Amino acid sequence: MLRRGPRIPAVPSPPAPARRRGFRSEAALEAIRSHSLPSKAAAAAPSSDADDPAGPASLALYNYPTFAGAYGALAARLFHQRVRRRLLVLPFSSVEPFRAEDFEDAGLQTCYLLDFIGPKKFAFELSQFVPSVIAFDHRQSTLARIPKLGQCPSNVELHIDTSKSSVRSVFDYFSKKLAGTKSDSQMCENLFNQEDEERVSNVVEYIEDADLRRWQLPNTKEFQTALREERAKLNCVTNPHVFEQLLQLDGGDLLNREKSLALDRLQAAGEFIQKPFKIQLGRGLYGECLSRWTLKIES
Numbered sequence: 032m033l034r035r036g037p038r039i040p041a042v043p044s045p046p047a048p049a050r051r052r053g054f055r056s057e058a059a060l061e062a063i064r065s066h067s068l069p070s071k072a073a074a075a076a077p078s079s080d081a082d083d084p085a086g087p088a089s090l091a092l093y094n095y096p097t098f099a100g101a102y103g104a105l106a107a108r109l110f111h112q113r114v115r116r117r118l119l120v121l122p123f124s125s126v127e128p129f130r131a132e133d134f135e136d137a138g139l140q141t142c143y144l145l146d147f148i149g150p151k152k153f154a155f156e157l158s159q160f161v162p163s164v165i166a167f168d169h170r171q172s173t174l175a176r177i178p179k180l181g182q183c184p185s186n187v188e189l190h191i192d193t194s195k196s197s198v199r200s201v202f203d204y205f206s207k208k209l210a211g212t213k214s215d216s217q218m219c220e221n222l223f224n225q226e227d228e229e230r231v232s233n234v235v236e237y238i239e240d241a242d243l244r245r246w247q248l249p250n251t252k253e254f255q256t257a258l259r260e261e262r263a264k265l266n267c268v269t270n271p272h273v274f275e276q277l278l279q280l281d282g283g284d285l286l287n288r289e290k291s292l293a294l295d296r297l298q299a300a301g302e303f304i305q306k307p308f309k310i311q312l313g314r315g316l317y318g319e320c321l322s323r324w325t326l327k328i329e330s
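Counting in the numbering used here, the final residue of the sequence shown is number 330, and the numbers go up one at a time with none missing.
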C-alpha cells in the first residue's frame, strides 16, 4: 500500500533583486522634493539643470525604455539649458510608475510627458497638481484611448500625431519654442549645433522608421538590432551620462558594429557546424552514425 509522505511546507520565494531604483524609488522621489526647493536644486538628480534657481521648475518624464522618449528628454533638456531654466528629467516606467500625488507638493510649473500619456488617467490627474501638462505620443492605441478618458482638463495639451514619431514632435515643439523665446543675444538659436544635429537626425530617422512600422530605410532591421544593445543605458538615474551618450550616438558606427558582430556570429556558427555529431538510429536500437550540418547562405 502506498503511503503519502509528509507535506513539505511551502518556502516563500526570495525577494526580487533591487532593480527598480531608477523608477518610483525613494531616490527618485527625493529628487522631486529637492527640485521643488530652489536652495537644493543644484543637488537634485544628475540630469537636473539649475542655472536659474529662482525660475519656475519644470519636469520631463520620458517613456522608459524607448529611444523616442529618451531623445525627447534630450531635446527638453537642451531647450531648458539654452533658456537657463530649471528642469528635472526622470524615466517613467510601467514596471513601477509614478503616481500623480507624488507631484502634489513639488511646486512644478510644467510637466512634459514624452512618448506616452501615462496609465489610465495619469495625465489628467497630474493636472490637478501641475499648472501645465504637455504630453506627446504617436501610437494609434493612445489615440483610441483618449475619448474614453473623459473631458480633457484645460491645462492639459495632448500632442498625438500618428504620422510622425513622438520624438519628432518633441523636437519640433522645443525648436519652435526656442525660436520664440530668444531674449538674449548670446542665446543659442538652435537646440543642436550643426555637427550634433546631423548625427542625431540620422538616428531619429531610424527610430521613426521603426516607431511607425515603415521599415523603409536601408539596413533598418540591422540598425534596430544594434540600437537595442544601447537600451540598457537609457535610465538617467542609474546612468547620469545618458544624454551626452545619446548626443554622440552615431548611426554609421552602430551599423558597422552590428555588421561586424553578425559576421563574427556567422563565422562562429560555421566553425560549430563543421564538427560532426552522433545520431542514434531508432533510439539507439540500430546503432549510431556520425553526421554534420551543412550551412547554406541565401542572399
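For each residue, glycine too, the CB sits at the ideal point set by N, CA and C. Keep in mind it's a predicted model, so treat the numbers as computed, not measured.
Is E319 helix, strand or coil when you go by DSSP? strand
Let me make sure I understand the geometry here. Which of K195, T269, L321, E253 has the alpha-carbon closest to that of A99? K195
Every unbroken alpha helix (DSSP H) inside the stretch 241 to 300 [4 residues or more]: For the stretch 241 to 300, whole alpha helix (DSSP H) runs of length 4 or above, ordered along the chain, are 251 to 259, 273 to 279.
Got a sec? Which residues, its chain only, sit under 8 Å from Y317 by beta carbon, not counting five neighbours each side? Within its own chain, no residue has a Cβ closer than 8 Å to the Cβ of Y317 once the five positions on either side in sequence are excluded.
Straight-line Cα distance separating S56 from D133: 11 Å
Could you check if F308 is buried or exposed, using at least 16 other CB atoms within 10 Å of its CB as the buried criterion? exposed
Give me the residue from F147, Y237, A263, T212 with the minimum Cα distance to T173. F147
Please go through the same chain and pick out, in chain order, the residues whose beta-carbon is closer than 6 Å to the beta-carbon of W246, but skip the five residues on each side of it. none
How would you label I165, buried or exposed, when you count the other beta carbons within 10 angstroms and need 16 or more for buried? I165 comes out buried.
Given a cut-off of 8 Å on the beta-carbon distance, is the pair Y93 and V120 in contact? yes
Beta-carbon within less than 6 Å of L280's beta-carbon, same chain only, minus the 5 sequence neighbours each way: which residues are those? V234
Kindly indicate which three-state DSSP category P122 falls into: helix, strand or coil? strand
If you count every other CB in all the chains shown that lies within 10 Å of the CB of A74, and 16 or more means buried, which is it? Legend: pLDDT at A74 = 41, less than 50; position of this residue unreliable, value from coordinates given subsequently. When all chains shown are included, A74 counts as exposed.
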